[in-house]
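In the working numbering, the protein residues as written are 6 to 130.
For each residue, glycine too, the CB sits at the ideal point set by N, CA and C.
See structure below.
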Amino acid sequence: MKVTDQFKGDFIDLLCVARDSDTILTIASVHESGSQTCADGRSIDKPVLGFEKTTKKLILNKTNARTIGLLYGNEMTGWIGKKIALYLTTEDAFGQKDVQVIRVRSADPETGRQINIFRKPKSRK
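In structure tokens, the structure reads:
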């Protein structure tokens, strides 16, 4: 029995992403901020991506949206048909340390373009 089967939802969360490898998805749709709603009827104030072969959607935060923008361009409708890789990492977020988050990177092994626009600078000694 899986937790994700017991608590169904429309959106990708931490349990939907593979722990030891990238989860590769093909973007099928891009929805503008405010055009999608939560299960309780509230409007989602961020862009939302839909994918091929799954009904789950990804609510884009600024970091992930900018990463995809660097990979595939500023025009979000141009992202349709492109592949992205979702992965789990730990960052300082939401006012807490070591929070597990979902991040996006290139799914194209040919180019190997993996962009992290908010890399922490190396400390100088």
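Asn-121 burial status per 10 Å Cβ neighbour count (16 or more: buried): Counting from one through the sequence shown, the residue named residue 121 turns up at place 116. Summary for Asn-121: the model assigns pLDDT 45, below 50, so the residue's position carries little reliability; its value from the coordinates is reported in the next sentence. The residue in question, Asn-121, is exposed, as its Cβ has fewer than 16 Cβ neighbours within 10 Å.
Same chain, Cβ closer than 7 Å to Ile-19, five either side skipped, listed in chain order: Here residue 19 refers to the residue found at position 14 of the sequence shown. Residue identity check: residue 19 is Leu in the sequence provided, not Ile. Around Leu-19: Leu-93, Gln-105 and Ile-107.
DSSP three-state assignment for Lys-61, whether helix, strand or coil: If you number the sequence shown from 1, residue 61 lands on position 56. If DSSP states are grouped into helix, strand and coil, Lys-61 belongs with coil.
Alpha-carbon spacing of Asp-113 relative to Gly-55, whole angstroms: Along the sequence shown, one-based indexing puts residue 113 at 108. Along the sequence shown, one-based indexing puts residue 55 at 50. Near 19 Å, if we compare the C-alpha coordinates of Gly-55 and Asp-113.
Exposure of Asn-69, with buried meaning 16 or more beta-carbon neighbours within 10 Å: Here residue 69 refers to the residue found at position 64 when the sequence shown is read from its first residue. Looking at its Cβ environment, which holds 16 or more other Cβ atoms inside 10 Å, Asn-69 is buried.
Close-in-space but distant-in-sequence residues of the same chain around Ala-90 (CB under 6 Å, 5 per side omitted): The residue given as residue 90 occupies position 85 in the sequence shown. Asp-27, Ile-29, Arg-110 and Ala-112, listed in sequence order.
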